[in-house]
Structure formats: structure tokens, C-alpha cells
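For the sequence shown, the positions run -18 to -1, 1 to 129 when mature numbering (1 follows the signal peptide of the UniProt record, and there is no 0) is used. Idealized CB from N, CA, C, for every residue including glycine. This report refers to the structure that appears directly beneath it.
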Amino acid sequence: MKLSMVCHLQTILGPTAAFSVPTTMLRFVVVTRFTNKSASCHSMSLISYCDLVGVAYTEEETKDMAAEIEVVDGPNDEGEMFTRPGKLSDRFPQPYPNEQAARFANVGAYPPDLSLITKARHNGQNYAFALLTGYCDPPAGISASAA
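Below is the structure:
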């Protein structure tokens, strides 16, 4: 019997998995390994780097990953905002500063936040997997905005 990726994901996550650590790990692995394109348009605003510790990465690996981003923090003693390297407690960075910028960059479409997408859609784990892996480069001579 040959199992599809959909069945395989259901086996890993279980039919009732929602916002759980395995689901969080799956989303992050799919975004980083299968397509960096999704990370540049879909946000995961409710997921912190610490959600990955012990699931997909060690604490040290996750700290290194978080340190690669710059986080606006503050205010300092002078009342000014400043940037610092990311920490485990920081949430994943947003690809756009606001909804209007996201729509402008995506020809009017607003990419859904993937933090809770498995709760928001029927068969959500498979929806997220298909959403993140279903895109491909447009054929030669066709621009993405024209497609």
C-alpha cells in the first residue's frame, strides 16, 4: 500500500492536531526547507523561536537561528527604539509592515498568517502543506504578476 504525503502528515500529526508543537515544527520546516518563497509572503505572527526547541532543533541551534534576525526593541533610557539580535522569546519576523504593503506586493491578495491556519481550515495540516509546497516558478517568458 502506497501512502501519499497527505496520509503521512495525518499519521505524524494526528487527525485532531491544531496549534501544537509538532504542527509548529512542520510549518517551520516546510517554510525553510521546501520553499523560501513562502517565508517572504506568509507570516507566522504567533510562533516564537522557543516553540522549535526540542522539537526540530536544539536550544543552541534555535538561539543561533533567532540571532540572525534584527528586532526593534525599546525604548531605551533616552526614549529611543533600537535594534538587537533576536532571542528565543521573539516571534518570527513579519514579511510586511502592514496589510496594505502585503497586498501591494501580492497583486492585491493578502497572504494568510500561517500561525493558526490549521485551526482555520478543514483538514488544516494538509491545507498548510499544500499551500506551502504547491507553488512553482512560472514558465519561461511569463511573469508571476501576469500569471
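Query                                                                                                                                                                     : Result
Should residue 71 be labelled buried (16 or more other beta-carbon atoms within 10 Å of its own) or exposed?                                                              : exposed
At what residues does the beta strand (DSSP E) containing residue 52 begin and finish?                                                                                    : 52 to 55
Leaving out five residues before and five after residue 106 in sequence, what residues of the same chain have Cβ atoms less than 7 Å from its Cβ?                         : 99 and 100
Cβ atoms of residue 29 and residue 66: under 8 Å apart, would you say?                                                                                                    : no
Leaving out the 5 sequence neighbours to the left and right, which residues in its chain are closer than 8 Å to residue 62 when beta-carbon positions are compared?       : 56
Just the C-alpha distance for residue 78 and residue 96, rounded to the nearest angstrom, thanks.                                                                         : 14 Å
Per DSSP, which residues does residue 65 bridge with? Please list them.                                                                                                   : 54
If we count the other Cβ atoms within 10 Å of its Cβ and call it buried at 16 or more, is residue 22 buried or exposed?                                                   : exposed
If residue 76 and residue 25 are in contact, beta carbons under 8 Å, what's the gap, nearest whole angstrom?                                                              : 5 Å
Return the chain-ordered list of same chain residues with a C-beta closer than 8 Å to the C-beta of residue 85, the five sequence neighbours on each side being excluded. : 91 and 92
Could you check how far apart the C-beta atoms of residue 68 and residue 49 are, in whole angstroms? I think they sit under 8 Å.                                          : 6 Å
Figure out for me which residue from 31, 121 and 118 has the closest Cα to the Cα of residue 45.                                                                          : 31
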